[in-house]
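Worksheet: the structure to be examined is printed underneath.
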Amino acid sequence: MIKKLGNGVLLLALLVFSFACKTKEDIDVFKEAEYSLKSIDKVEINGVDLLKKKSPQDFSFSDAALLFSAFSENKLSATSTLNLQVDLGEGNEDRTMTVSQLKWQLLLADQQTLSGVVAEPVELKDGLNTITVSSPLKFAEENGKPDLNKLLRLATLLQQDEAKRPKVTLQIKPTILTSVGPFELPSYINIKE
């Protein structure tokens, strides 16, 4: 009886060890993958579709009032549809990963401008991933208030030619669902546009 119990414990330990090794391998593959944002098909902030706005004249008075009020309170919310290319490398094409939470931040000229958290799960695979995400938008604050200079720089950036734009970096920090529970990557991953 003790021998059978010992064999059962050994089998359980081997099973747990194999799950842990597979989990670590999956995490390493997605951590070392190459990510690139191919396109953005939808950007709505507090219900205002920004992709339909090409100049300040395209905003109605109510759009501007709604957005300014939400900005003043730092209570902006975005819904976006993104086309994210994930290159896992050879031999890993069949892997998938479920991201249970995604922290993100946008840097302009290496200064944090916007940040947020996507709370709904997203499944990623090798290749092109079309995902729709919702997230609060938090502008970097100065003296406890959203920094108006960051907003103006972002608005100016959207109007400039690509060649004249300052460096824009989108970073993500996913929490991955694994067989042993959720695991948050220890550092941000740069997404290149």
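In mature numbering (1 follows the signal peptide of the UniProt record, and there is no 0), the protein residues as written are -20 to -1, 1 to 173. For every residue, glycine included, the Cβ atom is placed at its ideal position computed from N, Cα and C.
Starting from the Cα of residue i, find the closest Cα among the options and give me that residue.
| i | options | result |
| --- | --- | --- |
| K125 | F48, K153, E53 | E53 |
| L88 | S80, N72, R133, T110 | R133 |
| A13 | K105, T93, V113 | K105 |
| I111 | E122, D127, L82, K33 | L82 |
| N26 | S167, G71, S49 | S49 |
| N63 | Q91, D21, S159 | D21 |
| G59 | F51, D67, S115, F10 | Here residue 59 is Thr; the residue named in the question, Gly, does not match the sequence. When each option's Cα is compared against that of T59, the closest is S115. |
| K153 | N129, I169, T93 | I169 |
| K155 | R75, V98, A44, L94 | The amino acid occupying residue 155 in the given sequence is Thr; Lys does not appear at that position. Looking at the Cα atoms, V98 is the closest of the given residues. |
Based on DSSP bridge pairs, tell me the residues matched to residue i.
| i | result |
| --- | --- |
| Y168 | Looking at the DSSP assignment, Y168 forms no beta bridge with any residue, so it has no partner. |
| Q81 | T155 |
| E12 | Answer is none; E12 lacks a bridge partner. |
| P116 | S57 |
| G107 | V66 |
| K22 | T61 |
| F48 | Looking at the DSSP assignment, F48 forms no beta bridge with any residue, so it has no partner. |
| L131 | Answer by DSSP bridge pairing: none, since L131 is not bridged. |
Grab me the residues of residue i's own chain with a C-beta within less than 6 Å of its C-beta, minus the 5 sequence neighbours each way, in chain order.
| i | result |
| --- | --- |
| Q65 | S16, K18, L108 |
| L150 | L86, I171 |
| T78 | P101, E103, L157 |
Is the CB of residue i under 8 Å away from at least one CB in chain D?
| i | result |
| --- | --- |
| T112 | In the structure shown, chain D cannot be found, because there is only a single protein chain. |
What whole-angstrom Cβ distance do residue i and residue j have, given they're in contact under 8 Å?
| i | j | result |
| --- | --- | --- |
| F39 | K32 | Going by Cβ atoms, the distance from F39 to K32 rounds to 10 Å, so no, they are not a contact pair. |
| L165 | K55 | L165 to K55, Cβ: 28 Å. No contact. |
Are residue i and residue j touching if we call contact CB-CB under 8 Å?
| i | j | result |
| --- | --- | --- |
| S80 | L117 | no |
| K147 | D90 | yes |
| F41 | L131 | no |
Within the same chain, show all residues whose beta-carbon is closer than 7 Å to that of residue i, passing over the 5 residues directly before and after it, in chain order.
| i | result |
| --- | --- |
| A127 | Here residue 127 turns out to be Asp, not Ala, going by the sequence shown. Cβ within range, chain order: F119, A120, E121. |
Give me, in chain order, the residues of the same chain whose beta-carbon lies closer than 8 Å to that of residue i; leave out the 5 immediate sequence neighbours on both sides.
| i | result |
| --- | --- |
| V28 | F39, D43, L46, L47 |
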